[in-house]
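Single-structure report; data block below.
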Amino acid sequence: EADIYQTPRYLVIGTGKKITLECSQTMGHDKMYWYQQDPGMELHLIHYSYGVNSTEKGDLSSESTVSRIRTEHFPLTLESARPSHTSQYLCASRGTAYEQYFGPGTRLTVT
Amino acid sequence: GNSVTQMEGPVTLSEEAFLTINCTYTATGYPSLFWYVQYPGEGLQLLLKATKADDKGSNKGFEATYRKETTSFHLEKGSVQVSDSAVYFCALSDRDSWGKLQFGAGTQVVVTP
């Protein structure tokens, strides 16, 4: 069972604030991912990383940015939050058989 | 490109009923296939996986068989419980170096007592 953590679990902030969503994993996985999940349940890949100092944008355009300075840590930042950013954000890391392990998610509400 | 199609929900069942959620895929090469489950307010949990044709993944009474000839990976459980109420996602990875997952739209399952 993989251990992957996300904080905060819930966040309500005002428009224009800068926020960072934290994601950490303890398995030493190189590949990590951020997904945005809309209320209709569909998942969209917004960022991924295949190792330290490597990040790529995903299939869905996002105004967020990510960094990967340490293998275990993959934070996502929104410089200026807007109501359109309200969503659930899920972080994942990839195991050896191409499976991904997910964190519990951060539910973000921007007012 | 890759795609995953799964049956629309919600699927409503009585406790102890048989559950089937259909999943078909389109992919180049030989993808790995997965079923994930998401309980309310939580992230996705890997339910089972299969990495090659005719493999059967199983976990917690759920099963799915990788059928290359029909490009399918249907999820089944013989006797559902109320605690199985969740959203189920079918997914594939084409095993390239990026290992990105392609998800289906999700199927909500509601089990009533």
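Sequences listed follow chains B and F, in order. Start counting the first sequence at 147; every next residue gets the next number (the working numbering). Start counting the second sequence at 1132; every next residue gets the next number (the working numbering). Glycine is no exception: its CB is placed at the ideal position from the N, C-alpha and C atoms. From a predicted model like this one, the values you see are computed outputs, not experimental measurements.
Could you check how far apart the C-beta atoms of residue i and residue j are, in whole angstroms? I think they sit under 8 Å.
i	j	result
F/Ser-1203	F/Thr-1155	5 Å
B/Phe-248	F/Gly-1174	4 Å
B/Tyr-196	B/Asp-176	6 Å
B/Thr-201	B/Arg-214	6 Å
B/Met-187	F/Ala-1217	Actually they are not in contact, since the Cβ atoms of B/Met-187 and F/Ala-1217 sit about 11 Å apart, beyond 8 Å.
F/Pro-1171	F/Val-1213	Contact doesn't hold; Cβ gap of about 13 Å is too wide.
F/Leu-1206	F/Phe-1193	6 Å
B/Gln-171	B/Gly-251	With 8 Å as the limit, B/Gln-171 and B/Gly-251 do not qualify as a contact, their Cβ atoms being about 14 Å apart.
F/Phe-1234	B/Leu-189	5 Å
F/Ala-1195	F/Leu-1179	6 Å
B/Val-212	B/His-193	4 Å
F/Tyr-1167	F/Lys-1183	Not a contact, Cβ separation roughly 19 Å.
Going by DSSP, name the residue or residues bridged to residue i.
i	result
F/Trp-1166	F/Leu-1179, F/Cys-1221
F/Gln-1255	Chain F is shown only over 1132 to 1244; residue 1255 of chain F falls outside these bounds and no answer can be derived.
B/Thr-178	The sequence given here has Met at residue 178 of chain B, not Thr. Partner(s): B/Ser-195, B/Ser-239.
F/Glu-1194	F/Ser-1189, F/Glu-1207
B/Glu-168	B/Thr-153
F/Thr-1238	F/Tyr-1219
B/Val-256	B/Ile-159
B/Gln-183	B/Leu-189, B/Gln-234
F/Ser-1145	F/Thr-1243
F/Gln-1212	Answer is none; F/Gln-1212 lacks a bridge partner.
At a cut-off of 7 Å, would you count residue i as near the ligand FAD, judging by its Cβ distance to the nearest heavy atom?
i	result
F/Asp-1185	What this structure holds is no ligand at all, so the ligand FAD is not there to describe.
Would you mind telling me which residues of chain D sit closer than 8 Å to residue i, beta carbon to beta carbon, in chain order?
i	result
F/Glu-1173	This model lacks chain D altogether, as its protein chains are B and F.
The region 164-174 of chain B in contact with the region 224-232 of chain B per 3-pair CB rule at 8 Å: yes
Chain F contacts made by the region 238-254 of chain B, where a contact means CB separation under 9 Å: Ala-238, Arg-240, Gly-241, Ala-243, Tyr-244, Glu-245, Gln-246, Tyr-247, Phe-248, Gly-249, Pro-250, Gly-251, Arg-253
Answer yes if the region 1154-1173 of chain F comes into contact with the region 1221-1236 of chain F, meaning at least three C-beta pairs across the two stretches below 8 Å, and no otherwise. yes
Within 7 Å of chain B by C-beta, residues of the region 1146-1171 of chain F in sequence order: Ser-1163, Phe-1165
The region 197-210 of chain B touching the region 1139-1150 of chain F, judged by at least three CB pairs closer than 8 Å: no
Residues in the region 1188-1204 of chain F with C-beta within 8 Å of chain B's C-beta atoms, listed in sequence order? none
Quick one: complete beta strand (DSSP E) runs, 3+ long, within the region 190-254 of chain B? 200-203, 222-224, 233-240, 246-248
Residues in the region 1226-1240 of chain F having any Cβ partner in chain B nearer than 8 Å: Arg-1226, Ser-1228, Trp-1229, Gly-1230, Lys-1231, Leu-1232, Phe-1234, Ala-1236, Gly-1237, Gln-1239
Which residues of the region 169-191 of chain B have a Cβ closer than 7 Å to any Cβ of chain F? Give them in chain order. Lys-177, Met-187, Glu-188, Leu-189, Leu-191
Going along the chain, which residues of the region 1205-1218 of chain F sit with their C-beta nearer than 7 Å to a C-beta in chain B? Val-1218
If the cut-off is 9 Å on Cβ atoms, which residues from the region 1175-1187 of chain F count as contacting chain B, listed in chain order? Leu-1175, Gln-1176, Leu-1177, Lys-1180, Thr-1182
Please name the residues in the region 214-239 of chain B whose beta-carbon is closer than 7 Å to at least one beta-carbon of chain F, in chain order. Leu-236
Closer than 9 Å, Cβ to Cβ, to anything on chain F: give me those residues from the region 194-205 of chain B, in chain order. Tyr-194, Tyr-196, Glu-202, Gly-204, Asp-205
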